[in-house]
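Chains as they are written, first to last, in our numbering: chain V, 14 to 128; chain D, 7 to 119. Don't be surprised by glycine CBs; every beta carbon is placed ideally from N, CA and C.
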Amino acid sequence: NAGVTQTPKFQVLKTGQSMTLQCAQDMNHNSMYWYRQDPGMGLRLIYYSASEGTTDKGEVPNGYNVSRLNKREFSLRLESAAPSQTSVYFCASREPGRGMVETQYFGPGTRLLVL
Amino acid sequence: AQSVTQPDIHITVSEGASLELRCNYSYGATPYLFWYVQSPGQGLQLLLKYFSGDTLVQGIKGFEAEFKRSQSSFNLRKPSVHWSDAAEYFCAVLKAAGNKLTFGGGTRVLVKP
């Protein structure tokens with residue numbers, strides 16, 4: 014049971030390049046999330062997927078797209094990277110709990126530098 | 007709108023001393039509250055969570071937190087810190103609709119020998 018895994022761990026891009034960040038979970042969770050972490054700002058939600066086949070915008074979706082490929086995988090795509098997207102990106106999945114009480118589990122993160 | 011504030015950006019504490027990290031929230035309904043820890047280069051790990059019931063909750067690694075509704079606070083404490091507790095700590099509140107977590111800005115803890 015690996016939990017939540019992310020690839021790559023590190024990436025350097027030039028402005029305008031595209032790339033896809035991969036996330037997978039093996040806990041059979043329905044909901045998955047993408048966050049970005051910037052100094053002093055905590056984590057901010059980019060997109061989330063409540064279940065396979067559905068995605069919704071979070072707090073900072075501009076410049077990103079997502080795909081919920083199947084129950085396990087949730088990818089984040091930058092079509093045309095900008096320096097403002099330099100950040101650490103975290104994927105998370107949500108453990109279903111009793112009623113509305115649930116907990117998110119986080120992957121190790123992807124550090125992205127856009128030059 | 008909900009928000010989470012962690013007033014202290016950095017805290018330095020001696021090994022063996024006690025630690026308290028502050029967290030204040032604003033949220034219209036009964037909050038679901040969390041504390042996460044992030045070690046350097048690692049992802050976030052859940053320390054503890056409060057949903058209801060006893061306002062003093064115990065977590066992993068010897069941490070505890072106390073929910074005080076009157077002060078809109080959920081402060082994290084540890085009686086005696088270890089060098090391995092050096093990390094960044096995040097408080098978060100759960101917004102029930104969509105199950106979205108809102109995070110505070112984080113408090114970085116440095117442990118002196």
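- Fewer than three pairs of CB atoms, one per stretch, sit closer than 8 Å, so the segment 62-72 of chain D makes no contact with the segment 87-105 of chain V.
- Between V79(V) and L89(V), the C-beta spacing is below 8 Å.
- What M32(V) touches in chain D, judged by beta-carbon distance under 7 Å, is nothing: the nearest beta carbon there is about 20 Å away.
- If the five residues before and after M45(V) are omitted, its C-beta is found closer than 8 Å to the C-beta atoms of C36, Q38, Y61, S62, R81, F87, C104, A105, S106, R107, all from its own chain and listed in chain order.
- Residues of the segment 38-54 of chain D with a Cβ closer than 9 Å to any Cβ of chain V, in chain order: Y38, F40, Y42, Q44, G47, Q48, G49, L50, Q51, L52.
- Of all residues in the segment 55-74 of chain V, only G55, L56, R57, L58, Y61, A63, D69, G71, E72 place a beta-carbon less than 9 Å from a beta-carbon of chain D.
- From the listed residues G22(D), T18(D), Y31(D), V87(D), the smallest Cα separation to G111(D) is found for Y31(D).
- Interface flag for G29(V) against chain D is unset, since no Cβ pair is found closer than 8 Å.
- A residue is called buried once 16 or more other Cβ atoms fall within 10 Å of its Cβ, and I59(V) is buried on that count.
- With respect to K84(D), L39(D) sits apart: the two C-beta atoms are not nearer than 8 Å.
- Nearest to F23(V) by alpha-carbon distance, out of L34(V), G76(V), A15(V), is L34(V).
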